[in-house]
Amino acid sequence: MTKNNKIKVLFRHRSMEMGGVEKVVLSMFNNLNQDKFDFTICLNINQGELRNEFPKHVRKVYLTDGKEDFSKNSFLQKIQLAKRKLKLNKAEKDPKIADGLLGEKYDVEIATTYSIYK
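The following block contains the structure:
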């Protein structure tokens with residue numbers, strides 16, 4: 041718990057491309073009591089139509105940029121995709137990478153899918 045007695049909850053998810061799980065996560069953030077909970081979402085890839093739809097009280101952290109942030113140049117896109125794949129592979133093998141980005145401990149951690157690195 042934080043010093044203001046909120047329960048610290050971390051959600052982990054791959055990305056925010058339009059889908060049922062993403063809509064449920066956003067609905068939970070919008071409807072759970074923000075006076076009781078301190079929410080953080082950790083995305084592997086900051087990508088998808090819903091990536092900027094988080095309420096202001098939710099802290100967003102991500103491991104790597106999404107395709108929306110890539111260059112329009114197809115050659116550079118391939119380099120960016122390869123770099124992203126390397127980052128995700130490294131993070132999958134070493135959980136300390138994500139933990140370092142988060143920089144804090146959580147009371148509850150929720151993984152919304154079973155294969156968040158794929």
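Remember, this note's numbering sits 40 above the position in the sequence shown when you count from 1.
Each residue gets a CB set at the ideal place from its N, CA and C atoms; glycine is no exception.
task: State the DSSP-derived secondary structure class of residue 72, mapped to helix, strand or coil.
output: The count along the sequence shown starts at 1 and reaches residue 72 at position 32. Coil, per DSSP.
query: What residue ranges within the region 52 to 136 form continuous beta strand (DSSP E) runs of no fewer than 3 residues, ordered along the chain?
result: Correct list: 77 to 86 and 98 to 105.
- request: Name the two residues that bound the continuous beta strand (DSSP E) containing residue 149.
  value: Translated into positions along the sequence shown, residue 149 becomes position 109. Taken as a continuous stretch (DSSP letters only), the beta strand (DSSP E) holding residue 149 covers 148 to 151.
message: On the CB-based measure, 16 or more other CB atoms within 10 Å of its CB, does residue 126 come out buried or exposed?
response: Residue mapping note: residue 126 aligns to position 86 of the sequence shown, counting from 1. Exposed, by the Cβ-count rule.
Distance between residue 132 and residue 83 (C-alpha atoms, nearest Å): The count along the sequence shown starts at 1 and reaches residue 83 at position 43. The count along the sequence shown starts at 1 and reaches residue 132 at position 92. Taking the straight line from one Cα to the other gives about 13 Å.
field: residue 121 versus residue 97: straight-line alpha-carbon distance, rounded
entry: The residue given as residue 121 occupies position 81 in the sequence shown. The residue given as residue 97 occupies position 57 in the sequence shown. Answer to the nearest angstrom: the Cα atoms are 31 Å apart.
task: Check whether the Cβ atoms of residue 103 and residue 138 sit closer than 8 Å, and answer yes or no.
output: Taking the sequence shown and counting its residues from 1, the one referred to as residue 103 is at position 63. Taking the sequence shown and counting its residues from 1, the one referred to as residue 138 is at position 98. Their beta carbons are under 8 Å apart, which means residue 103 touches residue 138 by this criterion.
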